[in-house]
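Residue numbers (full-length UniProt numbering): 1 to 170.
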Amino acid sequence: HNEDPPHLPHFLPDLRSELFSFITAVMMLRVMVNIGETASFSCEYSQNHINDPKIIFKEGKDSIETIYSRWKKKERFSISDDKHKNIFIVTVSISNVSVRDAGVYWCGAETRDTYLTFISLNTKIQISLINMKENLLRSSALMIQSINQSQSLSVRGSAPLETEILSVRL
Numbered sequence: 001h002n003e004d005p006p007h008l009p010h011f012l013p014d015l016r017s018e019l020f021s022f023i024t025a026v027m028m029l030r031v032m033v034n035i036g037e038t039a040s041f042s043c044e045y046s047q048n049h050i051n052d053p054k055i056i057f058k059e060g061k062d063s064i065e066t067i068y069s070r071w072k073k074k075e076r077f078s079i080s081d082d083k084h085k086n087i088f089i090v091t092v093s094i095s096n097v098s099v100r101d102a103g104v105y106w107c108g109a110e111t112r113d114t115y116l117t118f119i120s121l122n123t124k125i126q127i128s129l130i131n132m133k134e135n136l137l138r139s140s141a142l143m144i145q146s147i148n149q150s151q152s153l154s155v156r157g158s159a160p161l162e163t164e165i166l167s168v169r170l
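Here is the structure:
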């Protein structure tokens, strides 16, 4: 049995033969939103990726799904890319959030050469749903907490898919 290269995430089993992904420094966002509302989050990227296509993935139990790319655009998902700021940010919005939208998302930028496609993953987003009734005591329906991590994401052993990271309360 061959070991995967260390730079290849454990949660990309279906794409390993044709996709190399690099996780260098990861920003993690936690977004809590009420069912039916719009969830928004931003993903920063380096100036090196200013003209590269941006991609949004969603982790599944044993795979990862492309949610938004230049080839695939899912309804209710939109991306705006402001290339004129000093900080390069893509803003992602999911309208009319439902239970199926809860989970872990990744932002990435795609680069290609003649033979390979590279996806640089730089932001991990966990979307959790809250019940509107429980939220009446809170002053805000949307809470975003940013946690900077520097190369601390494990992609083997205790990889993100093997830990319970989703909290859905209905």
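Cβ atoms here follow ideal geometry from the backbone N, Cα and C, with glycine treated the same way.
Measuring straight from C-alpha to C-alpha, what distance separates Thr91 and Arg30?
15 Å
So Asp81 and Lys124 are supposed to be a Cβ contact under 8 Å. How far apart are they, rounded?
Asp81 to Lys124, Cβ: 19 Å. No contact.
In the DSSP assignment, the beta strand (DSSP E) including Gly103 goes from what residue to what residue?
103-112
What are the residues that DSSP puts in a beta bridge with Asp82?
Ile89
Is it the case that the Cβ atoms of Ser43 and Met28 are separated by a distance below 9 Å?
Before going on, a small fix: residue 43 reads as Cys here, not Ser. Going by C-beta atoms, Cys43 is not nearer than 9 Å to Met28.
Could you check if Asp101 is buried or exposed, using at least 16 other CB atoms within 10 Å of its CB as the buried criterion?
buried
Quick one: grab the DSSP three-state call for Arg70.
coil
Quick one: what does DSSP say Val97 is sitting in, helix, strand or coil?
coil
Using the beta-carbon count (16 or more within 10 Å), is Ile94 buried or exposed?
buried
Quick one: residues in its chain with C-beta nearer than 6 Å to the C-beta of Ser78, no 5 flanking neighbours on either side, listed in chain order?
Ser93
Hey, out of Ile50, Gly103, Thr38, Phe88, whose CA is closest to Glu75's CA?
The shortest C-alpha separation from Glu75 is found at Thr38.
Relative to the C-alpha of Gly103, which residue among His49, Ile50, Lys61, Tyr45 is closest?
Lys61
Taking the beta carbon of Gly108 as the centre, do at least 16 other beta carbons fall within 10 Å, making it buried, or is it exposed?
buried
Quick check: what's the CA-CA separation for Glu110 versus Ile35?
31 Å
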